[in-house]
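Colleague: Under UniProt numbering, the residues of the sequence shown are numbered 1 to 82, in order.
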Amino acid sequence: MTYQILTDIAASISELKANPMKVVASGNGMPIAVLNRNEPAFYCVPAQAYEALMELIDDAELLKIIKERMTEETVKVSLDDL
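1. I'd like the ranges of any beta strand (DSSP E) spanning at least 3 consecutive residues and lying wholly in the stretch 7 to 65.
2. Kindly list the residues whose CB is nearer than 8 angstroms to the CB of residue 30, restricted to its own chain and excluding five residues on each side of it in sequence; keep chain order.
3. Can you list, in chain order, the residues of its chain with a C-beta nearer than 6 angstroms to that of residue 81? Leave out the 5 residues immediately preceding and following it.
4. Does the separation of the CB atoms of residue 13 and residue 33 fall below 8 angstroms?
5. Hey, out of 53, 11, 36, whose CA is closest to residue 26's CA?
6. Relative to the C-alpha of residue 16, which residue among 38, 28, 44 is closest?
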């Protein structure tokens, strides 16, 4: 069976067990596919990359809210009234 690997770098579970920080460093800040018997078991995502992914998710959620609210009726307000 074939598997899609969504990273440029992959490491085995054995390599990860032997030296986790070396495996993480080999990704140069990008996620690493961790393989178990030559199939992807999970992705090791460095903290900075994970934070960037979470920002993208937050931005996508905010964009959805913005698009929903663009069709709402507006109310004109004067700055003096505030």
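All C-beta atoms, glycine included, are put in the ideal place defined by N, C-alpha and C.
Modeller: The structure says:
1. Within the stretch 7 to 65, the runs of beta strand (DSSP E) that reach at least 3 residues and sit entirely inside it are, in chain order, 10 to 12, 32 to 36, 39 to 44.
2. Indexing the sequence shown from 1 puts residue 30 at position 30. Closer than 8 angstroms at Cβ, skipping near neighbours: 7, 8, 9, 46, 49.
3. As a first step, residue 81 is located in the sequence shown; it is residue number 81 there, counting from the start. By the criterion of a C-beta distance shorter than 6 angstroms, residue 81 is surrounded by no residue of its chain, once the five residues flanking it on both sides are discounted.
4. Taking the first residue of the sequence shown as 1, we reach residue 13 at position 13. Taking the first residue of the sequence shown as 1, we reach residue 33 at position 33. No, the pair does not count as a contact, with Cβ atoms beyond the cut-off.
5. Locating residue 26 in the sequence shown gives position 26, where the first residue counts as 1. Here the closest residue by C-alpha is 11.
6. Here residue 16 corresponds to residue number 16 of the sequence shown, with the count starting at 1. Checking every option, the nearest Cα to that of residue 16 belongs to 44.
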